[in-house]
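**Student:** Got a structure for you, written out below as structure tokens; questions coming shortly.
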């Protein structure tokens with residue numbers, strides 16, 4: 308059922324684009340718009356997308372667009388995008404709020420505007436399993452745009468029918484954020500001198516993650532390892548400074564890579580349900596932890612080895628028992644843990660210097 312819906316969306320979007328003429332008075336240049344709603348601009352991820360685009364020097368200008376109710380007005384949106392002379396539009400389908408019909412209308416409107424103004428859409432899927440978000444991204448990028456996902460979809464191509472997909476991608480981090488982290492002056496502790504190291508867990512505490520945390524705590528206690536697990540629930544009202552300070556107070560950052568999607572969303576075939584939720588994906592915590600110069604423990608995800616040496620840049624695990632074996636080794640070999648921390652930090656800083664995120668997108672567009 309999902310494949311049929313995907314094909315229908317693709318061909319409907321193709322027909323709309325075919326029937327929409329390009330304006331004769333448009334000469335798009337290398338300007339980029341990064342769009343998000345009010346809540347979207349409160350997230351660190353979308354601010355990193357915007358700031359890293361500014362720093363990349365790939366685009367002539369980078370504009371930050373906050374969507375409101377006026378965004379549903381065709382004429383209002385058309386005039387604003389025409390004025391900005393943008394050639395590229397970065398879109399996150401999570402920014403679309405409201406009922407299904409409202410989202411469909413907004414998507415069709417953007418398809419028409421993009422074709423009229425000769426704008427190339429760049430859509431990012433942070434949750435590719437959510438069918439409606441995926442279908443919106445497919446509709447917007449049909450024939451000319453780029454779809455970006457942090458999941459390796461090499462075995463899931465049927466769900467992205469004829470789309471140009473960059474997969475997997477490493478989430479972006481900016482030089483400004485790196486500088487802000489350094490200015491906080493919370494230096495990593497000496498792993499060789501500390502008796503007990505802290506393993507920190509931040510973010511949403513959905514059921515599969517809570518299970519992993521419980522198994523990790525119990526395993527550390529049974530094996531009498533010199534690690535302490537600290538859990539910090541997600542707080543959307545936290546300032547950027549406090550957010551990074553919380554992360555920097557950990558010696559080791561732990562993250563799962565399972566998708567935090569409600570199990571109810573996996574039932575049925577409607578377009579707003581979810582599928583392939585069992586496939587892990589690279590998460591933003593990976594870049595956060597490594598740029599903070601902290602040891603990273605990461606549940607394995609397809610494509611992670613595209614960017615890292617999973618034996619020397621970070622601690623990768625399949626099952627909690629596997630992780631506990633590795634922690635037992637590093638508890639007795641702190642020099643190896645220190646070497647791993649340094650290697651992971653060096654790797655992410657290399658990607659930062661290379662403008663990996665935007666450089667990869669630009670290469671795919673040319």
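In this note's numbering, the protein residues as written are 308 to 673. Glycine included, every Cβ here is placed at the ideal spot set by N, Cα and C. From a predicted model like this one, the values you see are computed outputs, not experimental measurements.
Within 10 angstroms of the Cβ of residue 613, are there 16 or more other Cβ atoms? Answer buried if so, exposed if not.
**Tutor:** Translated into positions along the chain shown, residue 613 becomes position 306. Its Cβ having fewer than 16 others within 10 Å, residue 613 is exposed.
**Student:** So does residue 638 have its beta carbon nearer than 8 Å to some heavy atom of the ligand ADP?
**Tutor:** In terms of ligand content, the structure shown is empty, and the ligand ADP therefore cannot be addressed.
**Student:** Three or more beta-carbon pairs under 8 Å between the segment 440-456 and the segment 412-422, yes or no?
**Tutor:** Touching, per the Cβ criterion.
**Student:** With a cut-off of 8 Å on the beta carbons, I'd call residue 443 and residue 410 a contact; round off their distance for me.
**Tutor:** Within the chain shown, residue 443 is the residue found at index 136, counting from 1. Within the chain shown, residue 410 is the residue found at index 103, counting from 1. Yes, they are in contact, since the Cβ atoms of residue 443 and residue 410 sit about 7 Å apart, within 8 Å.
**Student:** So, for residue 509: in the same chain, excluding its five sequence neighbours on each side, which residues have a beta-carbon less than 6 Å away from its beta-carbon?
**Tutor:** The count along the chain shown starts at 1 and reaches residue 509 at position 202. Here the set comprises 539.
**Student:** Taking buried to mean at least 16 other C-beta atoms within 10 Å of its own C-beta, is residue 358 buried or exposed?
**Tutor:** To locate residue 358, count along the chain shown from 1; it is residue 51. Buried, since its Cβ has 16 or more Cβ neighbours within 10 Å.
**Student:** Have a look at 551, 537, 451 and flag the residue whose alpha-carbon is nearest the alpha-carbon of residue 325.
**Tutor:** Sequence index remark: in the chain shown, residue 325 carries index 18 (1-based). Of the candidates 551, 537, 451, the one whose C-alpha sits nearest the C-alpha of residue 325 is 451.
**Student:** Give me whichever residues DSSP pairs with residue 368 in a beta bridge.
**Tutor:** For this step, residue 368 is matched to residue 61 along the chain shown. According to DSSP, which records beta bridges pairwise, residue 368 is partnered with 338.
**Student:** Roughly how many angstroms separate the alpha carbons of residue 372 and residue 353, rounded to a whole number?
**Tutor:** By 1-based counting over the chain shown, the position of residue 372 is 65. By 1-based counting over the chain shown, the position of residue 353 is 46. Taking the straight line joining both Cα atoms gives about 11 Å.
**Student:** Pick from 533, 554, 469: whose alpha carbon is nearest that of residue 542?
**Tutor:** Along the chain shown, read from residue 1 onward, the residue named residue 542 stands at position 235. Closest option to residue 542, Cα to Cα, is 554.
**Student:** Is the segment 645-652 close to the segment 452-470, with three or more CB pairs under 8 Å?
**Tutor:** The segment 645-652, when compared against the segment 452-470, does not touch it at the 8 Å Cβ threshold.
**Student:** Using the Cα positions of residue 629 and residue 520, report the straight-line distance between them to the nearest angstrom.
**Tutor:** Position 322 of the chain shown, counted from the start, is the residue given in the question as residue 629. Position 213 of the chain shown, counted from the start, is the residue given in the question as residue 520. Rounded to the nearest angstrom, the two C-alpha atoms are 14 Å apart.
**Student:** Quick one: Cα of residue 557 to Cα of residue 504, how far?
**Tutor:** One-based indexing of the chain shown puts residue 557 at position 250. One-based indexing of the chain shown puts residue 504 at position 197. Roughly 8 Å separates the two Cα atoms.
**Student:** Here's a check: name, in chain order, each residue in its chain whose Cβ is nearer than 6 Å to the Cβ of residue 483, leaving out the five neighbours to either side.
**Tutor:** For the purposes of this step, residue 483 is identified with residue 176 of the chain shown, where counting begins at 1. Cβ neighbours of residue 483 beyond the five flanking positions: 358.
**Student:** Pull up the distance between the alpha-carbon of residue 595 and that of residue 330, whole angstroms please.
**Tutor:** The residue labelled residue 595 in the question sits at position 288 within the chain shown. The residue labelled residue 330 in the question sits at position 23 within the chain shown. Whole-angstrom Cα-Cα distance: 42 Å.
**Student:** What residue does the alpha helix (DSSP H) around residue 430 start on, and which one ends it?
**Tutor:** Translated into positions along the chain shown, residue 430 becomes position 123. Unbroken run through residue 430 is the beta strand (DSSP E), 427-432; no alpha helix (DSSP H).
**Student:** Using a threshold of 9 Å, state whether the C-beta atoms of residue 666 and residue 474 are closer than that.
**Tutor:** Position 359 of the chain shown holds residue 666. Position 167 of the chain shown holds residue 474. Contact: no.
**Student:** Smallest Cα separation from residue 642: which of 656, 619, 658?
**Tutor:** Working through the chain shown from its first residue, we reach residue 642 at position 335. Closest option to residue 642, Cα to Cα, is 619.
**Student:** Quick one: using the 10 Å Cβ neighbour count with 16 as the cut-off for buried, is residue 318 buried or exposed?
**Tutor:** On the chain shown, residue 318 is found 11 positions in, with the first residue counted as 1. Classification of residue 318: exposed, given that the 10 Å Cβ count is below 16.
**Student:** What separation, rounded to the nearest whole angstrom, lies between the Cα atoms of residue 633 and residue 607?
**Tutor:** As a first step, residue 633 is located in the chain shown; it is residue number 326 there, counting from the start. As a first step, residue 607 is located in the chain shown; it is residue number 300 there, counting from the start. Roughly 14 Å separates the two Cα atoms.
**Student:** Mind listing, in chain order, the continuous alpha helix (DSSP H) runs of no fewer than 4 residues lying wholly within the segment 434-481?
**Tutor:** Those alpha helix (DSSP H) runs which fall completely within the segment 434-481 and span 4+ residues are 438-448.
**Student:** Within 8 Å, do at least three Cβ pairs link the segment 425-432 to the segment 396-413?
**Tutor:** As far as the Cβ criterion goes, the segment 396-413 touches the segment 425-432, which means the pair count is three or higher.
**Student:** What first and last residue would you give for the beta strand (DSSP E) that runs through residue 602?
**Tutor:** The count along the chain shown starts at 1 and reaches residue 602 at position 295. Taken as a continuous stretch (DSSP letters only), the beta strand (DSSP E) holding residue 602 covers 602-606.
**Student:** Considering residue 623, what are the terminal residues of the beta strand (DSSP E) in which it resides?
**Tutor:** Position 316 of the chain shown, counted from the start, is the residue given in the question as residue 623. Run containing residue 623: 622-624, per the beta strand (DSSP E) assignment.
**Student:** With 16 other CB atoms within 10 Å as the buried threshold, where does residue 660 fall?
**Tutor:** Mapped onto the chain shown, residue 660 falls at position 353. Per the 10 Å Cβ criterion, exposed.
**Student:** Between the alpha carbons of residue 336 and residue 392, how many angstroms are there, rounded?
**Tutor:** Here residue 336 is taken as the residue at index 29 of the chain shown, counted from 1. Here residue 392 is taken as the residue at index 85 of the chain shown, counted from 1. Cα to Cα, the separation comes out at about 6 Å.
**Student:** Taking DSSP as the reference, what is the three-state secondary structure of residue 316?
**Tutor:** For the purposes of this step, residue 316 is identified with residue 9 of the chain shown, where counting begins at 1. In this structure, residue 316 counts as helix in the three-state DSSP scheme.
**Student:** Looking at residue 590: is its Cβ nearer than 9 Å to the Cβ of residue 488?
**Tutor:** For the purposes of this step, residue 590 is identified with residue 283 of the chain shown, where counting begins at 1. For the purposes of this step, residue 488 is identified with residue 181 of the chain shown, where counting begins at 1. Their beta carbons are not under 9 Å apart, which means residue 590 does not touch residue 488 by this criterion.
**Student:** Please work out which residues of its chain come closer than 7 Å, Cβ to Cβ, to residue 663, disregarding the five sequence neighbours upstream and downstream, and give them in chain order.
**Tutor:** Translated into the one-based positions of the chain shown, residue 663 becomes position 356. The answer, listed in chain order, is 477.
**Student:** Taking the alpha carbon of residue 369 as the point to measure from, which residue in 491, 388, 380, 382 has its own alpha carbon closest?
**Tutor:** The residue you call residue 369 lines up with position 62 of the chain shown. Per the Cα distances, 388.
**Student:** Which residues bound the beta strand (DSSP E) around residue 504?
**Tutor:** Translated into the one-based positions of the chain shown, residue 504 becomes position 197. Here the beta strand (DSSP E) through residue 504 covers 504-510.
**Student:** Between 532, 517, 546, 313, which lies nearest to residue 348 when the distance is taken from Cα to Cα?
**Tutor:** As a first step, residue 348 must be located in the chain shown, where it is residue number 41. Checked all of 532, 517, 546, 313; the closest Cα to residue 348 is 546.
**Student:** From this set, 622, 523, 351, which residue's C-alpha is nearest residue 648's C-alpha?
**Tutor:** To locate residue 648, count along the chain shown from 1; it is residue 341. Out of 622, 523, 351, 622 has the C-alpha closest to the C-alpha of residue 648.
**Student:** Report the rounded CA-to-CA distance for residue 657 versus residue 406, giving the unit in angstroms.
**Tutor:** Counted from its first residue, the chain shown places residue 657 at position 350. Counted from its first residue, the chain shown places residue 406 at position 99. So the alpha carbons of these two residues sit roughly 43 Å apart.
**Student:** Could you give the distance in angstroms between the alpha-carbon of residue 707 and the alpha-carbon of residue 644?
**Tutor:** The structure shown does not extend to residue 707, since the chain spans only 308 to 673, so no value can be given for it.
**Student:** Pull up the distance between the alpha-carbon of residue 356 and that of residue 384, whole angstroms please.
**Tutor:** Looking up residue 356 in the chain shown gives position 49. Looking up residue 384 in the chain shown gives position 77. Computed Cα separation, rounded: 22 Å.
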